[in-house]
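Number of protein chains: 2
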Amino acid sequence: MTSRRVLTGSKQVSLEVIKRLSSYLRDLKTLENNGVTVVSSGSLAELLGISSVQFRKDLSYFGPFGKKGVGYNVCTLTAKLTELLGAGDCMGFALAGAGKLGSAIIQYSSLQRFNIKIMAAFDSDRRKIGKKIDGLVVADAKDMETTVRTMGLKIGVICVPAKAAQQVAERMASAGIIAVLNFAPTEIKILKKVHVSNVDICVEIEALSYFVRQSAT
Amino acid sequence: MTSRRVLTGSKQVSLEVIKRLSSYLRDLKTLENNGVTVVSSGSLAELLGISSVQFRKDLSYFGPFGKKGVGYNVCTLTAKLTELLGAGDCMGFALAGAGKLGSAIIQYSSLQRFNIKIMAAFDSDRRKIGKKIDGLVVADAKDMETTVRTMGLKIGVICVPAKAAQQVAERMASAGIIAVLNFAPTEIKILKKVHVSNVDICVEIEALSYFVRQSAT
DNA sequence: TTATGATTGTGAAAAATAGAACAAACATTG
DNA sequence: CAATGTTTGTTCTATTTTTCACAATCATAA
Numbered sequence: 187m188t189s190r191r192v193l194t195g196s197k198q199v200s201l202e203v204i205k206r207l208s209s210y211l212r213d214l215k216t217l218e219n220n221g222v223t224v225v226s227s228g229s230l231a232e233l234l235g236i237s238s239v240q241f242r243k244d245l246s247y248f249g250p251f252g253k254k255g256v257g258y259n260v261c262t263l264t265a266k267l268t269e270l271l272g273a274g275d276c277m278g279f280a281l282a283g284a285g286k287l288g289s290a291i292i293q294y295s296s297l298q299r300f301n302i303k304i305m306a307a308f309d310s311d312r313r314k315i316g317k318k319i320d321g322l323v324v325a326d327a328k329d330m331e332t333t334v335r336t337m338g339l340k341i342g343v344i345c346v347p348a349k350a351a352q353q354v355a356e357r358m359a360s361a362g363i364i365a366v367l368n369f370a371p372t373e374i375k376i377l378k379k380v381h382v383s384n385v386d387i388c389v390e391i392e393a394l395s396y397f398v399r400q401s402a403t
Numbered sequence: 187m188t189s190r191r192v193l194t195g196s197k198q199v200s201l202e203v204i205k206r207l208s209s210y211l212r213d214l215k216t217l218e219n220n221g222v223t224v225v226s227s228g229s230l231a232e233l234l235g236i237s238s239v240q241f242r243k244d245l246s247y248f249g250p251f252g253k254k255g256v257g258y259n260v261c262t263l264t265a266k267l268t269e270l271l272g273a274g275d276c277m278g279f280a281l282a283g284a285g286k287l288g289s290a291i292i293q294y295s296s297l298q299r300f301n302i303k304i305m306a307a308f309d310s311d312r313r314k315i316g317k318k319i320d321g322l323v324v325a326d327a328k329d330m331e332t333t334v335r336t337m338g339l340k341i342g343v344i345c346v347p348a349k350a351a352q353q354v355a356e357r358m359a360s361a362g363i364i365a366v367l368n369f370a371p372t373e374i375k376i377l378k379k380v381h382v383s384n385v386d387i388c389v390e391i392e393a394l395s396y397f398v399r400q401s402a403t
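Residue numbers (my numbering), protein chains in the order written: chain A, 187 to 403; chain B, 187 to 403.
Here is the structure:
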């Protein structure tokens, strides 16, 4: 897989690193809420289940954040990572497919805590259009392009059936969406400049099932 | 991250490979249903959005499946991959946390099509216990160990809030679960022999938000 | 049958990722 | 203040993953 990379100064950082940074931020916020003010890479790494070297290495792509001999100021590091990841200003996203999974994501409380907010939801099913989920009215899928463009949304989440996913993704892209989180069990082929992240629950479980089978022998 | 590996004959195969194999199988089934009998690595790779070499290389860990100069018999390859991944016999799993996301997964129709079946669901919330979701009655979380052990379940899916995830995972492990799919936004630290796959929707979107921010500059 | 074109499977090279090792910087203690 | 212990940031090394290159095999057509 040719993993997408992003320019940072002169270095290129893989999205695996970015995801880890996001999980660091997640746990740092917990520490912050618990009143912890300073943390070392060692103790945080233990909390995260990774090596302390990986933590420091990941941070090093974006500069020095700690104090040698001391550790990291939780507040400061949280703020820096928040800024780095663009998690400071509330990130809105559009969701296509207000079925079971889509509805669950709309109502997913953690997202709000992480400053991520569903701004519009769409469905082509007449029975779902107009339905109010957690205060958000499901709109007609035919209005997706207009709304996404008007609201200036950049992230799309796809929860439609596999056979509809490709077309939905293309329409999102044409409306200005440049990053897509795809839950549909199918690959999405789209312009290089649009980033697609796939989460296929079936694939995840099937991979685990292989692992289970191996352990049995 | 030290990615888990599994022994195959004398070779070790990463779980990334296994996940890709699962996605190959997914698309092969679609081809099979569409009446395609033979496919080349090139055309399938195009469908999957990867390189044809990666497809062949991934297969090569488990032996030769194709015919040189011709390609792959869709039926045969589907069967072999199904056997390889253990996707032949129905894989049952236990789910903890019958909230919005948990319920959505219980009702996720694709899972059934992939021979993956929810066998038991648990929650500690009195209001959810006894609730019937898609024919399955949500059981009391305190009975989890007993049920999981009795039914011989090996895969657990965690959809509980972050602060409960660690404990739930440990209890699952103690009951014989050896592979966990964790949707809770937290890391799970557990015995090495239990494989944990994390899907943190917040992290996924936050990583995309970084990508969006980069594209803007 | 023989030449040609297509496609697989794989060893070797390249790229990317993770890990080890250590100097530099800081705090603390005597 | 000096010595000691801690922790970061980074260079260098090892490992893993991906990609390249090409021989081997098969079908087809002349």
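We treat Cβ as the ideally placed atom computed from N, Cα and C, and that holds for glycine.
Beyond the five residues adjoining it in sequence on each side, Leu377/B comes within less than 8 Å, by CB distance, of Ala359 in the same chain, given in chain order. In the displayed model, Phe300/B falls within coil according to three-state DSSP, outside both helix and strand. Against chain B, the beta carbon of Gln293/A has neighbours under 7 Å at Lys286, listed in chain order.
Collapsing the DSSP output to three states places Lys340/A in coil. With fewer than 16 other CB atoms across the displayed protein chains lying within 10 angstroms of its CB, Gly321/B is exposed. DSSP places Ala265/B inside the alpha helix (DSSP H), whose first and last residues are Val260 to Leu271.
The beta-carbon distance between Glu218/A and Val260/A, rounded to whole angstroms, is 5 Å. This is short enough to meet the 8 Å contact definition. Annotation: the continuous beta strand (DSSP E) that includes Val382/B extends over His381 to Asn384. With a threshold of 16 other beta carbon atoms within 10 Å, Pro250/B falls short and is exposed. Only those residues of the segment 249 to 275 of chain A whose C-beta falls short of 7 Å from the nearest C-beta of chain B are listed: Leu271, Gly272 and Ala273.
By the neighbour-count criterion, in which a residue is buried when 16 or more other Cβ atoms sit within 10 angstroms of its Cβ, Ala402/A is exposed. Per DSSP, the continuous alpha helix (DSSP H) segment holding Asp244/A begins and ends at Ser238 to Ser246. The Cβ-Cβ distance between Gly278/B and Cys345/B does not fall below 8 Å. Approximately 7 Å separates the beta-carbon atoms of Ser209/B and Leu234/B; this is inside 8 Å, confirming the contact.
Where Leu367/B is concerned, the enclosing beta strand (DSSP E) starts and stops at Ala365 to Asn368. Along the segment 301 to 329 of chain B, going in chain order, the ones with a CB nearer than 8 Å to a CB of chain A are Ile302.
In the displayed model, Leu377/A falls within coil according to three-state DSSP, outside both helix and strand. The contact set of Gly235/B on chain A, defined by CB atoms closer than 7 Å, consists of Glu373 and Lys375 in chain order. With contacts defined as CB atoms closer than 8 Å, Leu287/B and Tyr294/A qualify as a contacting pair. Here the segment 299 to 307 of chain B lies against the segment 264 to 279 of chain B, with 3 or more beta-carbon pairs under 8 Å apart. As a beta-bridge residue in DSSP terms, Ala325/B pairs with Phe308/B.
Chain-order list of chain B residues neighbouring Met277/A: Ile391, Glu392, Ser395 and Val398, by C-beta distance under 8 Å.
Around Ser208/B, the beta-carbon contacts reaching into chain A at under 7 Å are Val389, Glu392 and Ala393. Note: Phe279/B is bridge-paired with Ile304/B and Ile341/B in the DSSP secondary-structure output. Leaving aside the five residues that flank Val343/B on each side, the residues in its chain whose CB is nearer than 6 Å to its CB run, in chain order, Phe279, Leu281 and Leu367. Taking each of His381/B, Gly283/B and Ala290/B in turn and checking the Cα distance to Ile387/A, the smallest one comes out for Ala290/B.
Between Ala282/A and chain B, the shortest Cβ-Cβ separation is not below 8 Å. Look at Ser200/B here: in three-state DSSP terms it is strand.
Nearest to Met305/B by alpha-carbon distance, out of Val380/B, Arg335/B, Ser246/B and Lys254/B, is Arg335/B. Per the C-alpha coordinates, the member of Thr372/A, Lys375/A, Glu392/A and Gly228/A positioned closest to His381/B is Glu392/A.
The alpha-carbon of Val224/A is positioned some 39 Å away from that of Arg312/B. Bounds of the alpha helix (DSSP H) holding Arg357/B are Ala348 to Ser360. For the pair Phe308/A and Ala365/B, the CB atoms are not nearer than the 8 Å cut-off. Here Val222/A is not near Arg212/B, since their CB atoms are 8 Å or more apart. Residues of the segment 221 to 234 of chain A that bring their beta carbon within less than 9 Å of a beta carbon in chain B comprise Glu232, Leu233 and Leu234, in sequence order. With fewer than 16 neighbouring CB atoms inside 10 Å of its own CB, Asn220/B falls in the exposed class.
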